[in-house]
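Just so you know, the protein sequences line up as chains R and Y, in that order. For what it's worth, our numbering labels the leading residue of the first sequence as 1, then goes sequentially. For what it's worth, our numbering labels the leading residue of the second sequence as 1, then goes sequentially. Reading through the structure tokens given below for one structure.
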Amino acid sequence: MTDSHTLVAEHVRLGYGDRTVVDGLDLAVPPGRITTIVGANACGKSTLLRALSRLLAPSSGQVVLDGKAVHTQPTKAVARTMGLLPQSPIAPEGIAVADLVARGRSPHQRMLARWAVADERAVEEALELTGTTDLVDRAVDELSGGQRQRVWIAMALAQQTDILLLDEPTTYLDICHQIEVLDLLTDLNRSRGTTIVMVLHDLNLAARYADHLVAMCGGRLLASGTPEEVLTADAVEQVFGLRSQVVSDPVSGKPMVLPIGRHHAVSPATPA
Amino acid sequence: MSASPTTRPAPSALRLGRRRRAASRRRAAAVLGLLVLALFAVSLMVGQTFYGPGEVWRVILGQEVPGASFTVGTLRLPRAVLGLVAGAALGMAGVTFQTMLRNPLASPDIIGISAGASAAAVVGIVVLRVDEALVSGLAIVAALATALVIYLLAYRDGVLGTRLILIGIGIAAMLDSVVAYVIVRAAAWDLQVAMRWLTGSLNGATWGVVLPLVLAAVVLMPALLGQARQLELLQHGDDTASALGVRVERTRLTVIVAAVALIAFATAAAGPIAFVAFLAGPIAARIVGAGGSLMVPAALTGSLLVLAADLAGQHLFGTRYPVGVITGVLGAPYLVYLLIRTNRAGGSL
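Below, the structure written as structure tokens:
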């Protein structure tokens with residue numbers, strides 16, 4: 001059922017004020033797959049994600065959700081199809097985990113409607129999937145970074161959208177929690193067919209967890225395809241200006257980038 | 001989307017916790033409500049002559065009670081209603097701004113909106129000599145204009161925040177000096193009336209002053225309450241709120257207009273009662289706790305502050321102080337505390 005949603009950026013130009021950040025970008029998000037977007041700082045990754053989630057209107061081109069321009073659709077209806085976890089969401093002081101996660105149900109509720117059984121189930125399921133069931137009565141601002149991130153993901157999951165966009169969901173997390181979060185998103189994708197689009201900083205994790213990898217550079221789409229197709233030493237050099245060697249990750253079999261700096265390189269990879 | 005089979009039978013810890021917190025929020029709000037009611041009753045009974053609850057009740061029902069009919073019906077009742085409604089209006093509008101801008105300093109009385117209403121009202125009364133109804137109108141137009149000016153000066157890529165507060169504080173200072181100037185220039189001006197426009201006072205309470213405010217509250221408060229859920233979601237930032245289906249710009253506009261109008265009506269009737277809009281939200285948050293809308297608790301807290309401060313100002317000291325002097329004494333230390341905290345936290349609260 002979830003494969004049916006399509007999300008396409010058609011030649012979008014995006015910016016803030018007079019500053020253009022992304023220019024003439026085309027991207028078709030593969031339905032039911034995990035897409036990760038990588039690129040250097042300030043290359044327009046987050047801007048693209050904000051446009052896909054209709055938070056930023058393109059100055060030209062359009063983002064099309066299920067065949068219709070996303071900006072022309074009622075925002076609440078869009079919110080039932082597509083969820084977003086921004087980079088640094090804000091929690092009001094003292095709010096309890098359960099109350100925060102429950103707010104993920106907002107797009108499914110009418111103005112004065114009661115809290116329904118379906119809402120209850122969605123929240124419980126979201127808490128369970130993210131392993132936060134034991135935290136329900138705790139205040140969000142008392143939690144550790146890893147716990148808090150899982151709570152935010154739980155809020156996005158409670159929204160029960162078929163498309164989920166995440167802006168660097170692993171920031172501020174240690175490696176153990178990073179893997180936990182990415183595994184959780186993969187579970188979600190495999191069990192429900194949720195389409196996932198996320199911006200990730202870590203190239204190797206991006207390559208490992210992506211079905212579809214998108215590399216951006218200077219506001220343009222440099223390459224997109226399977227991680228094997230996209231992640232080459234040439235691409236890394238173009239995107240990050242960094243020499244590297246790309247090998248096969250012995251754990252996942254996906255490509256893995258080994259950066260080459262000015263130090264600590266044994267020949268023959270030593271830079272000239 | 002259909003429910004998946006992984007759920008467990010109710011009632012879960014989740015449901016119980018949420019119910020318990022909601023019930024405790026409601027209880028706290030009910031206690032606030034009762035306190036407001038009690039203070040309202042006390043304001044009607046206490047004065048130079050004491051009238052018992054029975055006499056007061058008969059006056060409210062419209063019966064003729066010698067002495068009490070005039071003292072309670074004509075003097076005390078409009079004053080108490082003004083305190084009740086102005087306090088509620090200031091409290092609700094204040095917490096709305098604080099929630100929307102995610103900053104306790106972003107209260108309409110700190111960022112110059114009350115000052116705008118106040119300046120227009122003073123100019124209207126002292127310089128233009130217009131009548132009460134027109135004064136309210138002037139105050140509303142000026143408050144909205146002030147809000148617009150602050151918004152435009154602070155607007156940069158749609159990001160609001162500390163800039164808006166600092167600009168607002170500057171505008172407030174300018175407008176306050178307009179009020180002071182006009183009052184000083186008005187030759188034989190009554191000090192009582194002057195105090196009303198400098199710090200806020202309930203001394204001018206007559207039904208002619210109170211009724212426009214009551215009507216405004218009846219229209220505007222439900223309008224604001226209708227946005228309560230969207231406003232809660234805006235606490236998470238504009239992006240999260242939009243992602244959850246909130247029409248951010250439209251909600252913000254509705255809320256700003258309704259809250260500014262409430263402030264303007266309250267200010268036109270009682271002057272810029274110092275710090276009530278600023279204090280009501282944080283106090284209500286302490287009492288009620290997080291997780292729900294603070295609009296009703298903050299409105300009740302606002303009424304409580306104004307009624308209590310007016311009672312204290314009228315009867316506790318040798319001299320009668322206008323309500324704004326008392327709330328000012330309460331609010332100023334809290335403002336200083338917040339400013340110190342803001343500086344330490346590097347501008348975020």
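Every residue, glycine too, gets a C-beta built ideally from N, C-alpha and C.
C-beta neighbour in chain R for residue i, strict 8 Å
i: Arg102 (chain Y); result: yes
i: Leu105 (chain Y); result: no
i: Leu290 (chain Y); result: Here residue 290 (chain Y) is Ala; the residue named in the question, Leu, does not match the sequence. Chain R contact via Cβ: present.
i: Arg185 (chain Y); result: no
i: Arg247 (chain Y); result: yes
i: Arg163 (chain Y); result: no
i: Ala28 (chain Y); result: no
i: Leu253 (chain Y); result: no
i: Ala13 (chain Y); result: yes
i: Gln98 (chain Y); result: no
i: Leu307 (chain Y); result: no
Residue i - partner residues in DSSP beta bridges
i: Tyr16 (chain R); result: R:Arg19
i: Lys68 (chain R); result: R:Leu65
i: Cys217 (chain R); result: R:Arg220
i: Leu25 (chain R); result: R:Val12
i: Val210 (chain Y); result: Val210 (chain Y) pairs with nothing; no bridge assigned.
i: His212 (chain R); result: R:Thr35
i: Leu231 (chain Y); result: The partner list for Leu231 (chain Y) (beta bridge, DSSP) is empty, contrary to what the question assumes.
i: Gln245 (chain R); result: R:Leu258
Residue i - containing beta strand (DSSP E), residue span
i: Leu258 (chain R); result: Pro255 to Pro259
i: Ile110 (chain Y); result: No beta strand (DSSP E) contains Ile110 (chain Y), which DSSP labels as neither H nor E.
i: Thr195 (chain R); result: Thr195 to Val199
i: Val59 (chain Y); result: Here Val59 (chain Y) belongs to no beta strand (DSSP E); instead the alpha helix (DSSP H) covers Pro53 to Ile60.
i: Leu84 (chain R); result: Met82 to Leu85
Residue i - containing alpha helix (DSSP H), residue span
i: Ser114 (chain Y); result: Ile113 to Val122
i: Asp119 (chain R); result: Val117 to Leu129
i: Ile163 (chain R); result: Here Ile163 (chain R) belongs to no alpha helix (DSSP H); instead the beta strand (DSSP E) covers Ile163 to Asp167.
i: Gly168 (chain Y); result: Thr162 to Arg185
Alpha carbon of residue i to alpha carbon of residue j, nearest angstrom
i: Gly145 (chain R); j: Val199 (chain R); result: 19 Å
i: Val209 (chain Y); j: Gly313 (chain Y); result: 21 Å
i: Met256 (chain R); j: Arg50 (chain R); result: 28 Å
i: Ala142 (chain Y); j: Ser69 (chain Y); result: 37 Å
i: Arg333 (chain Y); j: Gly289 (chain Y); result: In the sequence as displayed, the identity of residue 333 (chain Y) is Pro instead of Arg. Straight-line Cα distance between these residues: approximately 22 Å.
i: Ser201 (chain Y); j: Val127 (chain Y); result: 20 Å
i: Pro66 (chain Y); j: Val56 (chain Y); result: 11 Å
i: Ala98 (chain R); j: Ala243 (chain Y); result: 19 Å
i: Leu242 (chain R); j: Gly104 (chain R); result: 40 Å
i: Thr96 (chain Y); j: Ala265 (chain R); result: 59 Å
i: Arg21 (chain Y); j: Ala139 (chain R); result: 12 Å
i: Ala154 (chain R); j: Val248 (chain Y); result: 23 Å
i: Arg150 (chain R); j: Pro212 (chain Y); result: 50 Å
i: Leu16 (chain Y); j: Ala258 (chain Y); result: 35 Å
i: Leu84 (chain R); j: Ser53 (chain R); result: 7 Å
i: Ala38 (chain Y); j: Ala80 (chain Y); result: 12 Å
i: Ile260 (chain R); j: Phe240 (chain R); result: 12 Å
i: Pro104 (chain Y); j: Phe278 (chain Y); result: 7 Å
i: Leu258 (chain R); j: Val246 (chain R); result: 6 Å
i: Ala345 (chain Y); j: Asp141 (chain R); result: Confidence at Ala345 (chain Y) is low in this model, with a pLDDT of 48, below 50, so its placement is unreliable and the value that follows should be read with caution. Approximately 16 Å, taken between the alpha carbons.
i: Leu144 (chain Y); j: Ile150 (chain Y); result: 10 Å
i: Pro222 (chain Y); j: Ala23 (chain Y); result: 22 Å
Cβ-Cβ separation, residue j to residue i (assumed contact under 8 Å), whole Å
i: Val101 (chain R); j: Ala126 (chain R); result: 6 Å
i: Leu225 (chain Y); j: Ala89 (chain Y); result: In fact, because the Cβ distance is near 13 Å, the residues do not count as touching under 8 Å.
i: Leu148 (chain Y); j: Leu101 (chain Y); result: At roughly 15 Å, the Cβ-Cβ gap does not stay under 8 Å, so Leu148 (chain Y) and Leu101 (chain Y) are not in contact.
i: Ala270 (chain Y); j: Leu82 (chain Y); result: 6 Å
i: Leu304 (chain Y); j: Leu35 (chain Y); result: 6 Å
i: Gln160 (chain R); j: Ala122 (chain R); result: 5 Å
i: Ala223 (chain R); j: Ala210 (chain R); result: At roughly 12 Å, the Cβ-Cβ gap does not stay under 8 Å, so Ala223 (chain R) and Ala210 (chain R) are not in contact.
i: Gly292 (chain Y); j: Arg25 (chain Y); result: 5 Å
CB contact check: residue i to chain Y, cutoff 8 Å
i: Arg150 (chain R); result: no
i: Glu168 (chain R); result: no
i: Ser4 (chain R); result: no
i: Leu127 (chain R); result: yes
i: Lys68 (chain R); result: no
i: Ala98 (chain R); result: yes
i: Ser46 (chain R); result: no
i: His103 (chain R); result: The amino acid at residue 103 (chain R) is misidentified as His; the sequence shows Arg. Answer yes: the Cβ-Cβ gap between Arg103 (chain R) and chain Y drops below 8 Å somewhere.
i: Glu180 (chain R); result: no
i: Val199 (chain R); result: no
i: Glu124 (chain R); result: yes
i: Gly145 (chain R); result: no
i: Lys76 (chain R); result: yes
Chain C contact residues for residue i, given Cβ-Cβ distances below 7 Å
i: Thr240 (chain Y); result: Of the protein chains in the structure, R and Y, none is chain C.
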